[in-house]
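Residue numbers (the UniProt record's numbering): 1 to 224.
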């Protein structure tokens, strides 16, 4: 199956095996409850470890084994890695533990669990999981967004079924078709169906406001 990268799909090949990832609305529900989906997004984008891994990759060309062991032996970045494993598993219909590894009960005393590493390195897991969940709940479509629809308010929940229902209503889709949409694809379809909305984007509003204020200042200077 060929992935459509524009809407967030991803294909990873490991040996003879292929893993197809789709950040669809229905797969977002596999991450957890609406509040847990938003928490996973937060953990992936406010983690402690991705910057360290990126710096190591730039410095050494790879992520040193000692750094990986250090991360695994501490709670450093643990939330981000757990979230990455959860998102990758949710977006694929296959068992992804050969790629991501898994957490198992530890046999040694002093530790409740231990991490078994998979074929993917930690930085790739974080980067791909960040992309998947962004396409799944926010979207990366380059569409004209009206200023009146923009908001700085954050939300603590993502209810995928609201978007599934909206897709069925707006686009006359079956439940199965709506389930498979990503947020990026949903946004593109919405923009295509309603292309002539009136109003300003944030950038257009700011530009017009700046131009108006500049002309107003010029008229005042001439009057004085």
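Cβ atoms here follow ideal geometry from the backbone N, Cα and C, with glycine treated the same way.
Only a predicted model underlies this, so the values are computations on that prediction, with no experimental measurement involved.
Excluding sequence positions up to five away, which residues of its chain have a Cβ less than 8 Å from the Cβ of residue i?
i, result
"residue 64", "56"
"residue 155", "38"
"residue 165", "178"
"residue 93", "20"
Keeping to the same chain, check which residues put their C-beta closer than 7 Å to that of residue i; ignore five residues upstream and five downstream.
i, result
"residue 167", "173, 178, 181, 186"
"residue 41", "133, 137"
"residue 149", "Bear in mind that a pLDDT of 49 at residue 149, under 50, signals an unreliable position, so the number given afterwards is only what the model happens to contain. Hits under 7 Å: none found."
"residue 67", "56"
Under the three-state reduction of DSSP, which class applies to residue i: helix, strand or coil?
i, result
"residue 161", "helix"
"residue 14", "strand"
"residue 116", "strand"
"residue 103", "strand"
"residue 148", "Bear in mind that a pLDDT of 48 at residue 148, under 50, signals an unreliable position, so the number given afterwards is only what the model happens to contain. Helix at residue 148."
"residue 194", "coil"
"residue 64", "coil"
"residue 34", "helix"
"residue 1", "coil"
"residue 70", "helix"
"residue 170", "helix"
"residue 79", "helix"
"residue 129", "helix"
"residue 181", "coil"
"residue 26", "helix"
Residue i and residue j: beta carbons closer than 8 Å?
i, j, result
"residue 34", "residue 169", "no"
"residue 31", "residue 87", "yes"
"residue 157", "residue 38", "yes"
"residue 83", "residue 44", "yes"
"residue 19", "residue 126", "no"
"residue 14", "residue 129", "no"
"residue 123", "residue 54", "yes"
By DSSP's criteria, residue i is part of a beta bridge. Which residues make up the other side?
i, result
"residue 20", "11"
"residue 92", "21"
Going by other Cβ atoms of all chains shown within 10 Å of its Cβ, with 16 needed for buried, is residue i buried or exposed?
i, result
"residue 22", "buried"
"residue 60", "exposed"
"residue 163", "buried"
"residue 46", "exposed"
"residue 1", "exposed"
"residue 188", "buried"
"residue 9", "buried"
"residue 80", "buried"
"residue 141", "buried"
"residue 96", "buried"
Which residues in the same chain as residue i place their Cβ atom closer than 6 Å to its Cβ, once the five residues preceding and following it in sequence are excluded?
i, result
"residue 121", "63"
"residue 12", "19"
"residue 139", "183, 184, 187"
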